[in-house]
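J.:
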Amino acid sequence: MSAKPKKTVHKKKHADEREPGVHQEPVPVLLFVILLLLAFWGMMYLHTNAGGFNRYVYGPFESYAMVSDVQPGSSDDPMKRGADVYKSICLPCHQSSGLGAPGQFPPLAGSDWVNVEGPNRMLRIVINGLSGPVEVNGQSWSGAMPGFGDLIASDEDLAAVITYVRNSWGNEASVCTPEEAALVRSESADRGRPWSSPELLNLSVEVQ
Amino acid sequence: MDVTQSSKSPSDWTEIDSSYRFPTLFLASKAVAWLLLGSIFSLIASIKMHSPSFLASCPWVTYGVMIPAALNAVVYGFALQGAFAALLWITMRLGQVKLVGPGYLFIGSALWNIGVLLGVIGIMAGHGSGHTYLEMPGFVSPILFAAYTLIGGIALVTFHKRQVRELYPSQWFIFAALYWFPWILTAGSYLLVMSPVRGVTQMIIGGWYASGLNVIVLGFVGIAIIQYMLPKLTKRDLHNGYLSLFSFWIIMLFGGFTGLLPGQSLPSWVGSLSAVCSVFVAFAWLVLAYNIYRTIGGVSGKSGGLSYKFIYFSAAAGLLSAVLTAWASRASVADVIQFTLFLPGLKWLHLYGFVGMGLLGCIHYFLPKITGIEWSRPAQWTAIFWTYAIGTSLVGIAFLVGGWKHGKGLIDPETPFMDVVREGIAPFVRMSTVGELLVFVAAALLCWNVTTLFCRTYCSCLCLGGLSQNKAGTSSETKKSQPKKSSKNK
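Note that the protein sequences, when read in sequence, are chains A and B. Reminder that position 105 of the first sequence reads as 105 in our numbering, one-by-one numbering, no gaps. Reminder that position 172 of the second sequence reads as 1172 in our numbering, one-by-one numbering, no gaps.
(1) Considering only the alpha carbon of each residue, which of I1250(B), R1236(B) and S1272(B) lies closest to E62(A)?
(2) Quick one: residues in its chain with C-beta nearer than 8 Å to the C-beta of S1475(B), no 5 flanking neighbours on either side, listed in chain order?
(3) Our contact map puts L1306(B) next to H1239(B) with C-beta atoms below 8 Å; I'd like the distance itself, whole angstroms only.
(4) Reducing DSSP to helix, strand and coil, say where Y1020(B) ends up.
(5) Are at least three pairs of beta-carbons, each pair with one atom in the segment 37 to 51 of chain A and one in the segment 1267 to 1283 of chain B, less than 8 Å apart?
(6) Just to confirm my understanding: we take L1288(B), look at its own chain, exclude 5 residues before and 5 after, and list those with CB closer than 6 Å. What are they?
(7) Just curious, the alpha helix (DSSP H) that V126(A) is in, first and last residue?
(8) Tell me whether K1235(B) is buried or exposed, calling it buried when 16 or more other Cβ atoms sit within 10 Å of its Cβ.
(9) With a threshold of 16 other CB atoms inside 10 Å of the CB of W1172(B), please say whether the residue is buried or exposed.
(10) Is there a Cβ of chain A sitting closer than 7 Å to that of A1331(B), yes or no?
(11) With 8 Å as the C-beta to C-beta threshold (strictly closer), list the residues of the segment 1218 to 1237 of chain B near chain A in chain order.
(12) Given this structure, state the Cα-to-Cα distance separating W1060(B) from I1296(B), to the nearest angstrom.
(13) Is S1247(B) close to chain A? Criterion is C-beta to C-beta, closer than 7 Å.
(14) Which residues share a DSSP beta bridge with K131(A)?
(15) Hey, does L1099(B) have any beta-carbon neighbour from chain A nearer than 7 Å?
(16) Under the rule that 16 or more other beta-carbon atoms within 10 Å means buried, what is W1183(B), buried or exposed?
(17) So is Q1482(B) in contact with chain A if we call contact Cβ pairs under 7 Å?
(18) Tell me, to the nearest whole angstrom, how far the beta carbon of F1084(B) is from that of I1143(B); I am working on the premise that it is less than 8 Å.
(19) Determine whether the beta carbon atoms of Y1168(B) and L1080(B) lie at a separation below 7 Å.
(20) Residues of chain B with a CB under 7 Å from the CB of F53(A): which are they?
(21) Skipping 5 residues on each side, what residues in its chain have a beta carbon closer than 6 Å to that of G962(B)?
(22) Which residues of chain B have a Cβ atom closer than 9 Å to the Cβ of Y58(A), listed in chain order?
(23) Taking contact to mean at least 3 C-beta pairs separated by less than 8 Å, is the segment 1125 to 1132 of chain B in contact with the segment 1056 to 1071 of chain B?
(24) What separation, rounded to the nearest whole angstrom, lies between the Cα atoms of G1119(B) and Y1242(B)?
(25) Assuming L1093(B) is part of the alpha helix (DSSP H), what are its boundary residues?
(26) Under 7 Å between C-beta atoms, does L37(A) make it to chain B?
(27) What residues in the segment 1087 to 1119 of chain B have a beta carbon less than 7 Å from any beta carbon of chain A?
(28) Which term fits E180(A), buried or exposed, when burial requires 16 or more other beta carbons within 10 angstroms of its beta carbon?
(29) Does H23(A) have its Cβ less than 7 Å from a Cβ in chain B?
(30) Excluding the 5 residues preceding and the 5 following S111(A) in the sequence, name in chain order all residues of the same chain whose CB lies nearer than 7 Å to its CB.
(31) When we look at the beta-carbon of P1231(B) and count the other beta-carbons within 10 Å, is it buried (16 or more) or exposed?
(32) Can you grab the Cα-Cα spacing for the pair V1429(B) / L1111(B), in whole Å?
(33) For the segment 38 to 49 of chain A, list every residue whose C-beta sits within 7 Å of some C-beta in chain B, in sequence order.
(34) So, using beta-carbon positions, are N128(A) and P194(A) closer together than 7 Å?
(35) Using the Cβ count rule (16 or more neighbours within 10 Å means buried), how would you classify E117(A)?
(36) Assign C1277(B) to buried or exposed, taking buried as 16 or more other Cβ atoms, counted over all protein chains shown, within 10 Å of its Cβ.
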């Protein structure tokens, strides 16, 4: 029991008692400047990388437009969806310009069948087809368009393509809703043959 | 303004320390035992990565079971339990206050260990939930929560009764972690395990829980340890308390949203927001590091002893993991590292490097102080430090570098897949096994040392007039026993 270890023990104990204190100095302004810059950067980063905070935008896509480009027909936007249906069904005849082909397929752009208040007649043309002589913008056509009611199985798609045609290439007409499409579809369920022009002209333009 | 807190006499300190002696020993010895168990599980998993036939016939130790079992043993058994021990100690030292209700703490920590044990057994028996960090079967969460109510409650009451009213920065961090944990535990386990939300939301909540647990709860305890221990060991005062406050609020605000890196099957904005938040957290860490650097700058490492090395390593690993997380969250980087070992590498760096190292440094420092018994073999502690440090670094480097090479190979259509496996994965996986082996050795040594200290303390208490007196802990009795012990030292 020498004195030496006793001293070291005591010293150690004493040193351990000292708890660290803390200096209080103002935070350098530079830190807040950096913080602001970071916040700015963060907003820019989110602007370019967050896909507009849209819940449908997953990586690797950067925006909703990119996502819907690769998702045919499943878009929420009827114009987009209608364009996809148009491309896959109507385009070979009526062309992407909507001008049709001289002597064979009548134009949809500016057509007086398309630019009317309601989509009733147009829906029926697309569902059951149209044949025989028909006058489009004062010009006579005589061909036959088959019905696509079975091919366009979903009412959303049907309504979308009508809406698309009625609002493209300078056309301006009302939107066709899926409910209207469903109603007309059920009315013409057992028709089974194409419409003729006089038959359609007897019907109202609006869906009732 | 300087606050130097040294008004207490040595005998008061011994009284404070002794109030905490057995609860700490209990927490610390169980914590290192869980570390040992976790390192065994993780070693088995690591061996299976390159030798799949190893223990292949036993369903309890398949790779898919060992990984979550190891993670949960280490997170709940070791890291959180060790964090409880460390934060209680820091609370008592800084508040100069005796532990309130050691009996409740005992019950709480026993319950906690039962909960973790049931959870790990549940995972091994195949009842894991499949949500990272919340793999334990649903019935375990209420047990853990009840245990935590006792442990956290004791910590809060002790904190409340502190004699030194001014707060040291470490105390804010501890206080926030104490409140944050029950909140994420209940919300997380309710929404994911008990009555699961649907689809994508599960991943978002899982990521929120993971980052809350890592960055805020464990991270804050780790930061509290670094900010307390480094100035203490170097006998300095913290450079600037307001810098700590600055970092504190930034991590509080952004830390919870850093767990969802881009490249997961989540809407882009989630990953991008997470990326921005992790950059903020990295910034807060740089500020913290600067504060620490200004505090301990110019001190030679030797003066702080071995504990200093532990904590220094912990601080470096914490900074590195925060910066790497921010870097990895860039969309261009995330594209490379997804589906590789890079993210497990980050997790490892954070959990073993930063949190684990800090806790071990703390245990090394304070167990002899509060028991009044020195480590019997200091050389073994040096060995523990080096094996653990080298092992952890090896695993971290293997996963991070290997993950990066692996990812680079995967996204390059010219490289055949088997080449990626041969050059990008296999050598690094072997390297990580060596690292895990070292960690296992360190954990075994650690367990041995802490357990012997526990036994020696227990025996010395029996010699000094019976355990019962000491446990009763009235001041007169403790004081009576104290001179005897110091006379032994003399």
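In this text, a Cβ means the ideal position worked out from N, Cα and C, and glycines have one as well.
T.: Taking the definition as stated:
(1) On the first sequence, residue 62(A) is found 62 positions in, with the first residue counted as 1. The shortest Cα separation from E62(A) among I1250(B), R1236(B) and S1272(B) belongs to S1272(B).
(2) Your numbering for residue 1475(B) matches position 475 in the second sequence. Legend: pLDDT at S1475(B) = 39, less than 50; position of this residue unreliable, no value from coordinates given.
(3) Residue mapping note: residue 1306(B) aligns to position 306 of the second sequence, counting from 1. Residue mapping note: residue 1239(B) aligns to position 239 of the second sequence, counting from 1. So it is not a contact: roughly 24 Å between Cβ atoms.
(4) For the purposes of this step, residue 1020(B) is taken as the residue at position 20 of the second sequence. Reduced to three states, the DSSP call for Y1020(B) is coil.
(5) yes
(6) Counted from its first residue, the second sequence places residue 1288(B) at position 288. Taken in chain order, the residues that qualify are S1247.
(7) Residue 126(A) sits at position 126 when you count from the first residue of the first sequence. Note, V126(A): alpha helix (DSSP H), N120 to N128.
(8) Here residue 1235(B) is taken as the residue at index 235 of the second sequence, counted from 1. Exposed: under 16 other Cβ atoms inside 10 Å.
(9) Residue 1172(B) sits at position 172 when you count from the first residue of the second sequence. Per the 10 Å Cβ criterion, buried.
(10) Position 331 of the second sequence, counted from the first residue, corresponds to residue 1331(B). Yes, A1331(B) lies at the interface with chain A (some Cβ there is under 7 Å from its Cβ).
(11) Y1228, P1231, K1232, K1235, R1236 and D1237
(12) By 1-based counting over the second sequence, the position of residue 1060(B) is 60. By 1-based counting over the second sequence, the position of residue 1296(B) is 296. When rounded, the distance between both Cα atoms is 48 Å.
(13) Along the second sequence, one-based indexing puts residue 1247(B) at 247. Judged by the 7 Å Cβ criterion, S1247(B) is not in contact with chain A.
(14) The residue you call residue 131(A) lines up with position 131 of the first sequence. Note that residue 131(A) corresponds to Ser in the displayed sequence, not to Lys. Per DSSP, A144(A).
(15) In the second sequence, counting from the first residue as 1, residue 1099(B) sits at position 99. No, no contact with chain A.
(16) For the purposes of this step, residue 1183(B) is taken as the residue at position 183 of the second sequence. W1183(B) is exposed by the Cβ-count criterion.
(17) Indexing the second sequence from 1 puts residue 1482(B) at position 482. Residue placement at Q1482(B) is flagged as unreliable, the pLDDT there being 40, under the threshold of 50; the coordinate-derived value follows with that caveat. No, its Cβ sits nowhere closer than 7 Å to a Cβ of chain A.
(18) For the purposes of this step, residue 1084(B) is identified with residue 84 of the second sequence, where counting begins at 1. For the purposes of this step, residue 1143(B) is identified with residue 143 of the second sequence, where counting begins at 1. That belief does not hold up - the Cβ atoms of F1084(B) and I1143(B) are roughly 15 Å apart, past 8 Å.
(19) Residue mapping note: residue 1168(B) aligns to position 168 of the second sequence, counting from 1. Residue mapping note: residue 1080(B) aligns to position 80 of the second sequence, counting from 1. Taking 7 Å as the Cβ cut-off, Y1168(B) and L1080(B) do not qualify as a contacting pair.
(20) As a working mapping, residue 53(A) is identified with position 53 in the first sequence. By Cβ distance, chain B contributes W1269.
(21) Residue 962(B) lies beyond the residue range present for chain B, which begins at 1001 and ends at 1490; the question has no answer from this structure.
(22) Position 58 of the first sequence, counted from the first residue, corresponds to residue 58(A). Those are S1265, L1266, P1267 and S1268, listed as they occur along chain B.
(23) yes
(24) Working through the second sequence from its first residue, we reach residue 1119(B) at position 119. Working through the second sequence from its first residue, we reach residue 1242(B) at position 242. Cα to Cα, the separation comes out at about 41 Å.
(25) Residue mapping note: residue 1093(B) aligns to position 93 of the second sequence, counting from 1. Here residue 1093(B) is Arg; the residue named in the question, Leu, does not match the sequence. Per DSSP, R1093(B) belongs to the alpha helix (DSSP H) from Q1081 to G1095.
(26) Residue 37(A) sits at position 37 when you count from the first residue of the first sequence. Not closer than 7 Å to any Cβ of chain B, the Cβ of L37(A) fails to qualify, so no.
(27) R1093 and L1094
(28) The count along the first sequence starts at 1 and reaches residue 180(A) at position 180. With 16 or more Cβ atoms within 10 Å of its Cβ, E180(A) is classed as buried.
(29) Stepping through the first sequence from its first residue, residue 23(A) is reached at position 23. Chain B, which has a Cβ nearer than 7 Å to the Cβ of H23(A), makes this yes.
(30) Locating residue 111(A) in the first sequence gives position 111, counting from the first residue. Around S111(A): V136 and N137.
(31) The residue you call residue 1231(B) lines up with position 231 of the second sequence. Buried: at least 16 other Cβ atoms inside 10 Å.
(32) Within the second sequence, the letter at position 429 stands for residue 1429(B). Within the second sequence, the letter at position 111 stands for residue 1111(B). Distance between the alpha carbons of V1429(B) and L1111(B) is about 37 Å.
(33) L38, G42, Y45, L46 and N49
(34) Position 128 of the first sequence holds residue 128(A). Position 194 of the first sequence holds residue 194(A). For N128(A) and P194(A), yes; Cβs fall inside 7 Å.
(35) Position 117 of the first sequence, counted from the first residue, corresponds to residue 117(A). Burial call: exposed.
(36) Stepping through the second sequence from its first residue, residue 1277(B) is reached at position 277. So C1277(B) ends up on the buried side.
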